[in-house]
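Using my numbering, the letters of the sequence shown map in sequence onto residues 17 to 156.
Each residue gets a CB set at the ideal place from its N, CA and C atoms; glycine is no exception.
In this text the structure is predicted, and so the values were computed from the model without any measurement.
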Amino acid sequence: IMCFFFSSRRRHTRYISVTGVQTCALPISWAQFNLGFMYKNGQGVRRDYAEALKWYRKAAGQGDAGAQYGLGNMYDNGQGVVKNYTQAVKWWRKAAGQGYALAQHNLGVMYANGRGVVKNYTQAVKWWRKAAGGSVRSSV
Numbered sequence: 017i018m019c020f021f022f023s024s025r026r027r028h029t030r031y032i033s034v035t036g037v038q039t040c041a042l043p044i045s046w047a048q049f050n051l052g053f054m055y056k057n058g059q060g061v062r063r064d065y066a067e068a069l070k071w072y073r074k075a076a077g078q079g080d081a082g083a084q085y086g087l088g089n090m091y092d093n094g095q096g097v098v099k100n101y102t103q104a105v106k107w108w109r110k111a112a113g114q115g116y117a118l119a120q121h122n123l124g125v126m127y128a129n130g131r132g133v134v135k136n137y138t139q140a141v142k143w144w145r146k147a148a149g150g151s152v153r154s155s156v
């Protein structure tokens, strides 16, 4: 049996033996992030933004970049919360600081448009350059 989890930079693989002697060493935030993602997108459960926020917040509080990015998206789109660009920037900045390319890209967009931050093209380019070093094609 294989167990997969993702970090912000590369995929890690852990194996579980058939006898169950070796365990899958996943951080608890990984499960919390996945629950948030499933509730946000209605995958396997009824879409529930309040539940998604609850699980994303738990994982984000433990430093999970994917959950921080997800919270930023929810604030940016007003999903389960009042639309709040300042909060979106706050959460994307945390994820971006861990090298999360999608969050870096979104920070560039926010700086270019002056949403949640003072419009600053120098900062926009800075974040897009960081994202371009990752895997976001639209940041070039």
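- Taking 7 Å as the cut-off, the beta carbon of alanine 81 is found closer than this to the beta carbon of glutamine 114.
- A straight line joining the alpha-carbon of asparagine 136 with that of alanine 66 spans about 33 Å.
- Glycine 96 and leucine 118 have their C-alpha atoms some 21 Å from each other.
- If you look at arginine 73, you'll find it in the alpha helix (DSSP H) that goes 65–77.
- Distance from histidine 121 to tryptophan 107 at the Cβ level is roughly 14 Å; contact not present, criterion being Cβ atoms closer than 8 Å.
- In the three-state reduction of the DSSP assignment, valine 125 falls in the helix class, which pools H, G and I.
- With a cutoff of 7 Å on beta-carbon distance, glycine 86 and glycine 52 are scored as near each other.
- In the three-state DSSP reduction, glutamine 114 falls in the coil class, being neither helix nor strand.
- Annotation for asparagine 57: the continuous alpha helix (DSSP H) segment containing it runs 44–57.
- In this structure, alanine 75 sits near phenylalanine 49, with a CB-CB distance shorter than 7 Å.
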